[in-house]
Amino acid sequence: MKIAVVGSGISGLSAAWLLHDKHQVTLYEAAGYLGGHTNTVDVSLDGKTHPVDTGFLVHNDLTYPNLIELFRILGVETHATEMSFSVSQPELGIEWAGSSLGTLFAQRRNLLRLRFWRMLQEIVVFNSRSHRLLAWSERQRVTLGNLLDEHGYSAAFRQGYLLPMAAAIWSSSPEEILGFPAATFLRFCINHRLLQIEGRPEWRSIVGGGREYVRRMAASLDVRLNHPVDRVMRRSGGVELSSLGETNSYDAVILATHAPRSLAMLQDADDREQELLASVRYQPNLAVLHTDRRFLPQRQSLWSAWNYLSPGKANGPVCVTYLLNRLQRLPFETPLMVTLNPPPGMLPEGEIARFDYQHPVFDQRAIDAQARLPSIQGHNRTWYCGAWCGYGFHEDGLKSALRVIGDFGVEAPWPVQL
């Protein structure tokens, strides 16, 4: 078959790579590079130049089984990294990190703060009750905010721990996180062993940056960079794609773009497609690559791989700084960071580059849309994949592609786990 794949993030790139041996595949990408959130750039700092990841940063050995198999087949080398986490709440004068007792109480005043002790107590209670809370949430179909209200969790626990952690993971504001289905949140945390001390997965990063896997996959593909698709028109005998004023015909199309973008391309979307694709919203996030230490905790002993800075208000965008020296094997002595959504009036000094990313918001409408997705797969010769089909991460994007390729008579060259 002659197949068009639109979008070259992990989902579209994987679909095209897995299909190209048995089918004639063309991969369309609106940007000037392949990879979507896998965006590796060369940084010159301290007299050295080295590749640095700015979007996709880490994966683990527990919840990314298909990605690990893909990397093995591609010959992509990885190295162990860390997932330490710090929280700074300037409005309360509080900062801490969870690496050890020493980092919990590096700010000695925390020893005397009842608010801080209450937060720690409720962390223990919440973690120990997580499986019971999951079962309750599945029965009640409540949001995370509803769960926290119903079970009486304090503002200290919410603002000092749970919302910072969740906001950093999903790149969403604390207010958006409160609207997440509680069952979805708890299932993710339990599966990733985030709510326990022992048995946590080993996190890894790619040697040379994520572009190493992108290069290997793209080498055998027919790729159209800088080719935004304006229109997708389904006909009785095939599908027509319009890009840069040129129209090409295919037997089928796989839309591996954000759900609203997929809907915008479809010229004849029916009611089911309209309703489903419009149900998934996205949160825009500005990512700034820089060397400004103000975005890290004041105490250097608290510097972590992920560093959350309170926005000061619930509806403010998430501000989290990834300390890349901790996450990647970089030759730089100068701290190098990516900060999502620097607060207004606090633009980073030493800015190297900036990027506009978007991340899905997993409210109940989005989760319900995921459940209905199989009902439109293949309808009018059109298939859909993307990280939005799961929890929003690389493994989810790859899984969505693995589900699609079966309809084209193709299997992955490894034992798939879905």
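Numbering-wise (numbering that gives the first Met the number 0), the sequence shown opens with residue 0 and increments by one.
The beta-carbon is built from N, C-alpha and C at its ideal position, and this holds for glycine as well.
> Using the C-alpha atoms, what's the distance from Tyr63 back to His191?
Replying inline: By one-based count along the sequence shown, residue 191 stands at place 192. By one-based count along the sequence shown, residue 63 stands at place 64. Taking the straight line from one Cα to the other gives about 10 Å.
> In whole angstroms, what separates the C-alpha of Tyr307 from that of Ser87?
Replying inline: In the sequence shown, counting from the first residue as 1, residue 307 sits at position 308. In the sequence shown, counting from the first residue as 1, residue 87 sits at position 88. Each residue's alpha carbon lies about 6 Å from the other.
>> Measuring CB atoms only, is the region 69 to 82 touching the region 243 to 259, in the sense that at least three cross pairs come out at less than 8 Å?
In response: no
>> One question on the structure: do Ala217 and Leu33 come within less than 8 Å of each other, judged by their Cβ atoms?
In response: On the sequence shown, residue 217 is found 218 positions in, with the first residue counted as 1. On the sequence shown, residue 33 is found 34 positions in, with the first residue counted as 1. For Ala217 and Leu33, yes; Cβs fall inside 8 Å.
> Which residue from Ser278, Leu61, Ile93 puts its Cα closest to that of Ile366?
Replying inline: Working through the sequence shown from its first residue, we reach residue 366 at position 367. Comparing Cα positions, the closest option is Ser278.
> Apart from the five residues just before and just after Ala286, which ones in its own chain have a Cβ nearer than 8 Å to its Cβ?
Replying inline: Taking the sequence shown and counting its residues from 1, the one referred to as residue 286 is at position 287. Counting only Cβ-Cβ distances below 8 Å, and skipping sequence neighbours, we find Thr53, Gly54, Val337, Thr338, Leu339, Arg353, Phe354, Asp355, Tyr356.
>> I need the boundaries of the beta strand (DSSP E) containing His78, first residue and last residue.
In response: Position 79 of the sequence shown holds residue 78. 77 to 79 is the span of the beta strand (DSSP E), which, as asked, contains His78.
> Val42 and Gln327: beta carbons closer than 8 Å?
Replying inline: Locating residue 42 in the sequence shown gives position 43, where the first residue counts as 1. Locating residue 327 in the sequence shown gives position 328, where the first residue counts as 1. For Val42 and Gln327, no; Cβs fall outside 8 Å.
> In the DSSP assignment, what residue or residues form a beta bridge with Asp41?
Replying inline: Taking the sequence shown and counting its residues from 1, one reaches residue 41 at position 42. Per DSSP, Pro50.
> Would you call His58 buried or exposed, if buried means 16 or more other Cβ atoms sit within 10 Å of its Cβ?
Replying inline: Walking along the sequence shown from the start, residue 58 turns up at place 59. The residue in question, His58, is buried, as its Cβ has 16 or more Cβ neighbours within 10 Å.
> Mind checking if Ala386 is an interface residue toward chain D, Cβ cutoff 8 Å exclusive?
Replying inline: Of the protein chains in the structure, only one exists, and it is not chain D.
> From this set, Arg271, Trp16, Val206, His78, which residue's C-alpha is nearest Ala370's C-alpha?
Replying inline: The residue you call residue 370 lines up with position 371 of the sequence shown. Of the listed residues, the one whose Cα sits closest to Ala370 is Arg271.
> How is Val292 classed by DSSP in three states: helix, strand or coil?
Replying inline: What you label residue 292 is simply residue 293 of the sequence shown in a count that begins at 1. According to the sequence as given, residue 292 is Arg; it is not Val. The answer is helix: DSSP assigns Arg292 an H, G or I state.
> Are Glu394 and Asn65 closer than 8 Å when you measure CB to CB?
Replying inline: Taking the sequence shown and counting its residues from 1, one reaches residue 394 at position 395. Taking the sequence shown and counting its residues from 1, one reaches residue 65 at position 66. Against a cut-off of 8 Å, the Cβ pair of Asn65 and Glu394 comes out as a contact.
>> Measuring only the C-alpha atoms, how far is Asp60 from His358?
In response: The residue you call residue 60 lines up with position 61 of the sequence shown. The residue you call residue 358 lines up with position 359 of the sequence shown. So the alpha carbons of these two residues sit roughly 23 Å apart.
>> Going residue by residue through the region 137 to 176, where are the continuous alpha helix (DSSP H) segments of at least 4 residues, counting only ones entirely within it?
In response: 143 to 149, 162 to 169
> From Gly349 to His289, what distance separates their C-alpha atoms?
Replying inline: Residue numbering aside, residue 349 sits at position 350 when the sequence shown is read from its first letter. Residue numbering aside, residue 289 sits at position 290 when the sequence shown is read from its first letter. Straight-line Cα distance between these residues: approximately 5 Å.
>> Strictly by DSSP, which residues pair up with Pro89?
In response: Mapped onto the sequence shown, residue 89 falls at position 90. The partner list for Pro89 (beta bridge, DSSP) is empty, contrary to what the question assumes.
> According to the neighbour-count rule (16 or more other Cβ atoms, all chains shown, within 10 Å of its Cβ), is Ser374 buried or exposed?
Replying inline: Taking the sequence shown and counting its residues from 1, one reaches residue 374 at position 375. By the neighbour-count rule (16 or more Cβ atoms within 10 Å), Ser374 is not buried but exposed.
>> Restricting to runs no shorter than 3 residues, where is the beta strand (DSSP E) found entirely within the region 289 to 375?
In response: 305 to 308, 319 to 322, 336 to 339, 352 to 360
> Looking at C-beta atoms only, is the number of pairs between the region 169 to 185 and the region 131 to 144 that lie closer than 8 Å three or more?
Replying inline: yes
> How would you call Asp362, buried or exposed, if buried means at least 16 neighbouring beta carbons within 10 angstroms?
Replying inline: Reading the sequence shown from its first residue, position 363 is the one you call residue 362. The residue in question, Asp362, is buried, as its Cβ has 16 or more Cβ neighbours within 10 Å.
> Taking the DSSP output, what are the residues bridged to Phe55?
Replying inline: For the purposes of this step, residue 55 is taken as residue 56 along the sequence shown, with counting starting at 1. Phe55 pairs with nothing; no bridge assigned.
>> Within 10 Å of its beta-carbon, does Met164 have 16 or more other beta-carbons around it, so buried, or fewer, so exposed?
In response: Reading the sequence shown from its first residue, position 165 is the one you call residue 164. Classification for Met164: buried.
>> So, with DSSP's three-state summary, where would you put Trp95?
In response: For the purposes of this step, residue 95 is identified with residue 96 of the sequence shown, where counting begins at 1. Strand at Trp95.
> Taking just the CA atoms, how far does Leu91 sit from Asp20?
Replying inline: Translated into the one-based positions of the sequence shown, residue 20 becomes position 21. Translated into the one-based positions of the sequence shown, residue 91 becomes position 92. Roughly 58 Å separates the two Cα atoms.
> Who are the near neighbours of Leu110 in its chain, counting only those whose CB is closer than 7 Å to its CB and skipping five residues on each side?
Replying inline: One-based indexing of the sequence shown puts residue 110 at position 111. Excluding positions up to five away in sequence, the list reads Phe104.
> Hey, Asp250 and Ile93 are a contact pair by Cβ (cut 8 Å); roughly how many whole angstroms apart?
Replying inline: By one-based count along the sequence shown, residue 250 stands at place 251. By one-based count along the sequence shown, residue 93 stands at place 94. Actually they do not touch by this definition, with Cβ atoms about 59 Å apart.
>> Taking 6 Å as the limit between beta carbons, can you name the residues of its chain near Leu295, skipping five residues before and five after?
In response: One-based indexing of the sequence shown puts residue 295 at position 296. So the qualifying residues of the chain are Trp302, Asn306.
>> Please report the distance separating the alpha-carbon of Trp382 from that of Ala30.
In response: Reading the sequence shown from its first residue, position 383 is the one you call residue 382. Reading the sequence shown from its first residue, position 31 is the one you call residue 30. Taking the straight line joining both Cα atoms gives about 21 Å.
>> Could you tell me the alpha carbon to alpha carbon distance between Trp413 and Leu254, rounded to whole angstroms?
In response: For the purposes of this step, residue 413 is identified with residue 414 of the sequence shown, where counting begins at 1. For the purposes of this step, residue 254 is identified with residue 255 of the sequence shown, where counting begins at 1. Their backbone Cα atoms lie some 24 Å apart in a straight line.
>> If I follow the unbroken beta strand (DSSP E) through Thr381, where does it start and stop?
In response: The residue labelled residue 381 in the question sits at position 382 within the sequence shown. Note, Thr381: beta strand (DSSP E), 381 to 383.
> Given a threshold of 16 other Cβ atoms within 10 Å of its Cβ, counted over all protein chains shown, does Gln195 qualify as buried or as exposed?
Replying inline: Walking along the sequence shown from the start, residue 195 turns up at place 196. By the 10 Å Cβ count, Gln195 comes out exposed.
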